[in-house]
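First the structure, in the form of structure tokens, and then the observations on it.
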Amino acid sequence: MEPKLIGMYAGCEVLSRGGLEKNLDLMQAYGVNTIILSGGYRVSPEVEALNPLGRLPRQPNALPEIKRACERKGLNLWLCVGVPYAECVQRAADYPSLAVRDVFGSIIEPDQSFGFRWAASLCPSNPSIRGYLQALFKDLAKGYELEGFTLTHLRFSPPSHSFLNLFSCFCSSCIHEASRLGYEPEKSRKQLMEAIEELKRLDAGKIRALSEGGATIHDWIQFLGLGEEALRWFEFRAKMITENLASFHEVVKDINPNTLFSCDGYPPSFAILVGHRYRGLERIGDFLSPLLNHPTIFQTLVFAEVCKVLLEWNRGLKENDLLRLLYNLAGYGDLGLPLSISRLIGSQRRGDT
């Protein structure tokens, strides 16, 4: 039986604080055998020039030293690389050609009303982002012999970032990709607009009945009358994400077939809402890495954001009925979660994208 991989994410600065060797020894003492490193690498000027966000401040080239230390201690070293969204991007409108657009064609900005520090997100279908990542992984795989890579943020942002992410993306790149893959984006757009109109005229009595009756996601689809092309839009997004993952995986494997490669996956209950389909991720990647961390922003805040927007659209709805319904739709109905938004999200105020 192969030894189990037990990894820990770590940034270069944190890993080196107080002594690199000491920190690695401590991790090993707790059973960690794989370091998943964020940053600390350098790439060629040619690859830097491809970054669609422009040239970012150069980071210290700490990876070689950390790699040597891991080799001495028999630790695996992976590199965690993020899709360009950059926490320095405060407004998606500053990057109109890269921005995610809702079903109406408007740029989606993160909802900061709960006090979470969200970064703006960019569309994963954009060819300049895809081209940059292909060049980046080729450069990293050639320059550093590592045991593995994990790609993060290869997804559409969740409804907790902005409710309208559910009905994205209708940028020119997504429309082109959808047409190329055999989908009908304008039919999908029309049916998603119809779904939004249905969501703006919800009946309080019917929502209470659905809530108390334990309605499932299948009941909800029938209740809203979601059309085939609206549902296929979620399928398109997942297919496009999977194709991107396959292209990055191929780049790395062409250089070193033994290097492990995949991306992290959104929590399964919500995965299809961000363009993740676990069977596709499993088929393409070398491992599955469900994001079970950050439960507030990845899970409970999804319920809070959706509930908040639907209450704004439908003044007669009751918060407790709506939250109970949302929990049931996600399969969380038996967990005894709070029936008020304020109790649900508590005092945590950490964002993501």
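Residue numbers for the sequence shown follow numbering that gives the first Met the number 0, beginning at 0 and rising by one. Glycine included, every Cβ here is placed at the ideal spot set by N, Cα and C. Small disclaimer: the values here were computed from a predicted structure and weren't measured.
Alpha-carbon spacing of residue i relative to residue j, whole angstroms
i: Ser105; j: Ser172; result: 14 Å
i: Glu234; j: Lys21; result: 47 Å
i: Pro256; j: Thr149; result: 15 Å
i: Thr352; j: Val273; result: Because Thr352 sits at a pLDDT of 47, beneath the cut-off of 50, its placement in the model cannot be relied upon, and the following sentence gives the value as read from the coordinates. Straight-line Cα distance between these residues: approximately 11 Å.
i: Leu287; j: Tyr8; result: 15 Å
i: Cys168; j: Tyr40; result: 32 Å
i: Val301; j: Leu74; result: 37 Å
i: Glu183; j: Val308; result: 28 Å
i: Ser96; j: Ile174; result: 13 Å
i: Ser341; j: Thr241; result: 36 Å
i: Ala208; j: Asn313; result: 16 Å
i: Lys252; j: His152; result: 21 Å
i: Ser261; j: Phe247; result: 9 Å
i: Val42; j: Leu132; result: 12 Å
i: Thr215; j: Arg100; result: 29 Å
i: Pro51; j: Asn319; result: 44 Å
i: Gly335; j: Leu310; result: 21 Å
i: Lys137; j: Gln298; result: 34 Å
i: Ser120; j: Glu108; result: 8 Å
i: Arg116; j: Pro123; result: 21 Å
i: Ala85; j: Ser268; result: Here the model assigns Ala85 a pLDDT of 49, short of 50, so the residue's position is not dependable and the matter cannot be decided.
i: Asn164; j: Val31; result: 36 Å
i: Gln58; j: Ser15; result: 14 Å
i: Arg323; j: Val102; result: 27 Å
i: Ala118; j: His293; result: 15 Å
i: Pro44; j: Ile128; result: 17 Å
Exposure label - residue i; buried when at least 16 CB within 10 Å
i: Leu25; result: exposed
i: Glu281; result: exposed
i: Arg179; result: exposed
i: Lys205; result: exposed
i: Asn327; result: buried
i: Asp333; result: exposed
i: Ala92; result: exposed
i: Gln111; result: exposed
i: Asn125; result: buried
i: Ala28; result: exposed
i: Leu291; result: exposed
i: Gly284; result: buried
i: Val13; result: exposed
i: Ile65; result: buried
i: Phe113; result: buried
i: Leu55; result: exposed
i: Asp202; result: exposed
Integer Cβ distance of residue i from residue j, believed to fall under 8 Å
i: Ser187; j: Arg231; result: 6 Å
i: Asp259; j: Glu144; result: In the sequence as displayed, the identity of residue 259 is Leu instead of Asp. That pair is no contact at about 13 Å.
i: Ile271; j: Ala303; result: Rounded, the Cβ-Cβ distance is 20 Å, inconsistent with contact.
i: Gly130; j: Leu244; result: With a Cβ gap of about 15 Å, Gly130 and Leu244 do not count as contacting.
i: Leu223; j: Leu139; result: Not quite, the Cβ-Cβ distance comes to about 44 Å (not below 8 Å), so this is no contact.
i: Glu176; j: Met239; result: 5 Å
i: Leu4; j: Cys69; result: Incorrect: roughly 14 Å between the Cβ atoms, too far for contact.
Collapsed DSSP secondary structure at residue i in the structure displayed
i: Tyr143; result: coil
i: Arg100; result: strand
i: Leu259; result: strand
i: Leu343; result: helix
i: Leu201; result: coil
i: Cys79; result: strand
i: Ala85; result: With a pLDDT of only 49 at Ala85, under the threshold of 50, the placement of this residue in the model should not be trusted; the figure read from the coordinates follows. Reduced to three states, the DSSP call for Ala85 is coil.
i: Ile106; result: strand
i: Leu357; result: It is not possible to answer for residue 357, since the shown part of the chain is limited to 0 through 352.
i: Tyr94; result: coil
i: Ala214; result: coil
i: Thr352; result: Reliability of the predicted coordinates at Thr352 is poor, the pLDDT of 47 falling under 50, and the value obtained from them is presented with this limitation in mind. Looking at Thr352 - three-state DSSP - the assignment turns out to be coil, as it is neither helix nor strand.
i: Ala329; result: helix
i: Ala119; result: coil
i: Gly6; result: strand
i: Leu150; result: strand
i: Leu322; result: helix
i: Leu353; result: Nothing in the structure corresponds to residue 353, since the chain is present only between 0 and 352.
i: Phe113; result: coil
i: Arg129; result: helix
i: Glu1; result: coil
i: Arg314; result: coil
i: Pro63; result: helix
i: Glu12; result: helix
i: Phe155; result: coil
i: Leu230; result: helix
i: Leu74; result: coil
Task: Continuous beta strand (DSSP E) assignments of at least 3 residues falling wholly in the region 14-60 - done: 33-37
- [ ] Counting only runs of 3+ residues fully inside the region 235-311, write out the beta strand (DSSP E) ranges in chain order.
- [x] You should have 259-264.
Task: Every unbroken alpha helix (DSSP H) inside the region 166-210 [4 residues or more] - done: Those alpha helix (DSSP H) runs which fall completely within the region 166-210 and span 4+ residues are 171-179 and 184-198.
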